[in-house]
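Residue numbers (full-length UniProt numbering): 1 to 155.
Written as structure tokens, this is what we have:
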């Protein structure tokens, strides 16, 4: 078994354990420099938090362990195809590679595919199922929000 297969097997074992404790079948392992630095499981059922996906929980744990939101040099091994939210979070964190064991096609017969979400997000905003619009409100009594943030970065 290759190291990648071992890490995927660990993510799958986490997913099985999560199912056995009443959770959804998703686990994630984050590796840096050939060492596991964090793991996570899907905790939506336990927390009633729709963002409590295995990958996001692993990202949170890895960031705490590394003392940084920057996960450059890390690889995420996931039991299932990461959803768009999780992939976006991995990109925002600087994760360099993602490897997953079960595809959206594997999950579809069980209601565990996010392929429809990917398809919806690929459409222009006006055609997506969720209404999305830009309303450029500014506070006249305050300096520009982003300019204020940038100015504080140099302070």
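The C-beta atom is built at its ideal place from N, Cα and C for all residues, glycine as well.
Being a predicted model, the structure only gives us computed values, none of them experimental.
Boundaries of the alpha helix (DSSP H) harbouring residue 107: 104-107, taken from the DSSP string. Residue range 3-20 is occupied by the alpha helix (DSSP H) that includes residue 16.
Residue pairing of residue 36 in beta bridges, as defined by DSSP: 31. Closest in alpha carbon position to residue 57, among 22, 120 and 27, is 27.
Following the DSSP letters along the chain, one finds residue 63 in no beta strand (DSSP E) but inside the alpha helix (DSSP H) bounded by residues 54-66. In the DSSP assignment, residue 74 falls within the beta strand (DSSP E) that extends over 74-80. CA-CA distance, residue 115 to residue 14, rounds to 23 Å. The criterion of a C-beta distance shorter than 8 Å is satisfied by residue 99 and residue 4.
Sixteen is the threshold: when 16 or more other Cβ atoms of the shown chains lie within 10 Å of the Cβ of residue 55, as they do, the residue is buried. Taking C-beta atoms as the reference points, residue 61 and residue 40 count as a pair closer than 8 Å. For residue 130 and residue 112, the gap between their C-alpha atoms comes out near 20 Å.
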